[in-house]
Amino acid sequence: MISKEEMEKRREAVEYAKASVGLEGITLSQGLLEIADEYIQGLLTREEFTREYIKAVKAGV
């Protein structure tokens, strides 16, 4: 379990990234958003998040 502070930092980082790619006209798939949510909740480490995200993108999720 991660602290509320860490969860908020992760949420802010994910929201910033979503906004950044959104400015480029990119919309994230539901699958990618679910991986990001698992990271925010503390279910994935940063390394696991990166690995799962890359795997999902390569799979076309």
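Taking this note's numbering, the leading residue of the sequence shown gets 147, the next gets one more, and so forth.
Note that CB positions come from ideal geometry on N, CA and C, so glycine has one too.
In this text the structure is predicted, and so the values were computed from the model without any measurement.
Across the structure, SER175 and GLU151 are spaced so that their CA atoms are roughly 27 Å apart. When the beta-carbon positions are compared, LEU190 and GLU180 stay at least 8 Å from each other. Between the C-alpha atoms of LYS164 and VAL207 there is a straight-line separation of about 16 Å. In the DSSP assignment, VAL207 falls outside any alpha helix (DSSP H), carrying neither H nor E.
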